[in-house]
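Working notes, beginning with the structure itself.
Residue numbers (this note's numbering): 589 to 703.
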């Protein structure tokens with residue numbers, strides 16, 4: 589991409605970003621970031637406005653970091669997210685196993701008591 593075209597595109601992106609920030613300051617707007625605890629709730633909260641804000645943010649990062657660097661950073665981000673998910677799954681498996689062992693220990697103690 590030529591420098592002039594890239595600069596024009598960046599100006600357009602920053603204009604949209606500025607407009608988005610102005611809209612965010614209003615009381616009746618959609619938040620850019622919202623904590624969601626369950627995936628099902630995300631379906632109800634995600635709409636066109638939120639999508640456009642996220643898309644503009646990604647475009648901004650893409651042109652700021654350049655293509656190669658952007659994809660490297662994106663890959664690292666997804667790898668970190670995947671590692672967090674794997675750790676969470678592992679912790680859940682360990683806690684389930686511990687709870688199951690506790691239940692089995694209680695059953696054995698109850699059996700010995702009534703024996």
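We put the CB at the ideal spot given by N, CA and C, even for glycine.
As the structure is a computational prediction, the values presented were derived from the model and not from experiment.
Asked: Judging by CA-CA distance, which residue of 594, 670 and 644 is the nearest neighbour of residue 607?; Found: 644
Asked: Where residue 594 and residue 650 are concerned, what is the direct C-alpha to C-alpha distance, given to the nearest angstrom?; Found: 11 Å
Asked: Counting only the same chain and skipping the five closest in sequence on each side, list residues whose C-beta sits under 7 Å from that of residue 605.; Found: 644 and 648
Asked: Let me know the secondary structure DSSP gives residue 654 once reduced to three states.; Found: coil
Asked: Any idea what DSSP makes of residue 600, helix, strand or coil?; Found: helix
Asked: Can you list, in chain order, the residues of its chain with a C-beta nearer than 7 Å to that of residue 652? Leave out the 5 residues immediately preceding and following it.; Found: none
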